[in-house]
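K.L.:
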Amino acid sequence: MKNFIIEGTIKALTPIFHGGDEKTGSTPVLRTIMMYVEGLGEVAIPYYSGNAFRGKGRRLLIKDFIDHLDYEIKNSKLYHVLYSGGLLETSDKETGIINLEMRKKIRTLLPPIALLGTSIGNQIIPGILIVEHMFPICMEYKEYLPEKYKNMKQTEISVRTFTDQSFFTRRDDLREERNKEQQAIQMKVDYECFIPGTTFYHRLVLQIPTELQISTLGRMIKLMIELPYLGGKSASGDGKVKFEYENVPKDKLYLDFIEENKEKIITFLKELEEVL
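Numbering (numbering that gives the first Met the number 0), first residue to last: 0 to 275.
1) According to DSSP, which residues form a beta bridge with SER165?
2) Considering only their Cβ atoms, is the gap separating ARG218 from GLU131 smaller than 7 Å?
3) Relative to the alpha-carbon of LEU12, which residue among THR197, GLU245, LEU222, VAL158 has its alpha-carbon at the smallest distance?
4) Closest to GLN161 by CA distance: which of LYS251, PHE193, GLU142 is it?
5) Can you name the residues that DSSP bridges to PRO135?
6) Short of 8 Å in beta carbon distance, which residues of its chain neighbour MET223, apart from the five on each side in sequence? Order them along the chain.
7) Are the CB atoms of LEU115 and ILE278 within a distance shorter than 7 Å?
8) Threshold first: 3 residues or longer. Then list the beta strand (DSSP E) segments lying entirely within the region 98-132, N to C.
9) Pull the bridge partners of VAL228 from the DSSP assignment, please.
10) Are GLY230 and PHE16 touching if we call contact CB-CB under 7 Å?
11) Name the two residues that bound the continuous alpha helix (DSSP H) containing ILE44.
12) Could you tell me the alpha carbon to alpha carbon distance between GLY40 and GLU71, rounded to whole angstroms?
13) Examine the ligand ADP and report whether any of its heavy atoms sits within less than 6 Å of the Cβ of ILE264.
14) Please state whether DSSP places GLU71 in a helix, a strand or coil.
15) Suppose you measure from the CA of GLU191 to the CA of ASP250; what does that come to, to the nearest Å?
16) Exposed or buried, which one is PHE199 when buried takes at least 16 other CB atoms within 10 Å?
17) Cβ atoms of LEU254 and LEU128: under 7 Å apart, would you say?
18) Quick check on DSSP: helix, strand or coil for THR31?
19) Within the same chain, show all residues whose beta-carbon is closer than 7 Å to that of GLU155, passing over the 5 residues directly before and after it, in chain order.
20) First and last residue of the beta strand (DSSP E) that includes GLU6?
21) Residues in its own chain within less than 8 Å of ASN50 by CB, not counting five upstream and five downstream?
22) Quick check on the DSSP output: the alpha helix (DSSP H) that includes VAL274 runs from which residue to which?
23) Tell me, please, which residues DSSP counts as bridged to GLY18.
24) Among all the DSSP beta bridges, which residues are the ones paired with TYR244?
Structure, rendered in structure tokens:
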């Protein structure tokens with residue numbers, strides 16, 4: 000089987016904040032990367048990282064997986080193995096040396112892990128999913144877009160047209176007596192964001208997948224569409240998006256697999272909890 004590719008656009012319906020390590024004064028700014036643009040030289044392009052997208056997809060997919068099993072995780076290490084990709088640690092136990100049979104069971108009985116990968120003990124089990132960065136469709140990024148997206152109107156507009164500053168306030172609501180000289184503290188925090196209407200190009204690639212793994216990716220995308228929020232401040236209004244992917248697979252095969260193999264999966268999860 001060949002690689003399986005899903006591509007499309009993601010449109011911001013409310014501001015999106017995805018911060019980097021730098022600040023302008025006290026203002027958090029968007030994550031950026033330097034890109035070479037013909038005729039302009041090096042340009043700083045703000046973007047939304049594939050790692051952040053992958054983390055959101057993992058959390059949704061794993062929770063959905065555990066809910067379908069009606070299973071309660073009791074071992075904190077198993078929780079990290081599933082939800083956050085594991086913890087690297089030096090170990091002389093079974094977890095330090097994963098035998099081939101254990102690897103086979105992980106890939107066979109835990110489709111989300113086959114997709115996204117994890118680490119157990121000091122062993123890394125790579126996933127087959129490549130999540131690319133989300134870049135805004137704009138004049139500076141036009142030459143990197145596939146041909147069918149180069150005629151979009153946004154490619155005539157500079158990337159900084161799609162960024163602005165938003166803000167939130169923090170108030171001291173502590174209900175206690177104060178001296179006359181004391182006042183409640185209120186602070187305004189500015190932050191840089193993508194504006195509503197910004198459209199991002201995005202691509203997901205599965206490396207030589209099985210039909211079950213393709214269906215698993217379809218489930219992850221469906222869950223993200225059902226909860227369409229990306230970036231920071233989504234709890235207070237930011238981050239709502241509209242996914243417009245092409246070629247999204249059905250999730251029926253994946254859901255049928257869970258139902259048909261429920262007992263085997265639960266037994267294996269219990270085995271993992273004992274050795275972690």
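Where a beta carbon is used, it is the ideal one built from N, C-alpha and C, also for glycine.
As the structure is a prediction and not an experimental result, all values here were calculated from the model.
P.N.:
Inspection of the coordinates gives the following:
1) TYR190
2) no
3) THR197
4) It should be noted that the sequence gives Phe, not Gln, for residue 161. Comparing Cα positions, the closest option is PHE193.
5) PHE199
6) LYS55, GLY56, LEU59, PHE242
7) This structure leaves residue 278 out entirely; the chain is present only between 0 and 275.
8) 117-119, 122-124, 128-130
9) Correcting the residue type first, residue 228 is Tyr in the shown sequence and not Val. Partner(s): LYS239.
10) yes
11) Looking at the DSSP string, ILE44 is not in any alpha helix (DSSP H); the run it does join, the beta strand (DSSP E), is 40-45.
12) 54 Å
13) The model on display carries no ligand, and the ligand ADP is accordingly not part of it.
14) coil
15) 37 Å
16) buried
17) no
18) strand
19) MET138
20) 3-11
21) VAL130
22) 261-274
23) LEU29
24) GLY7
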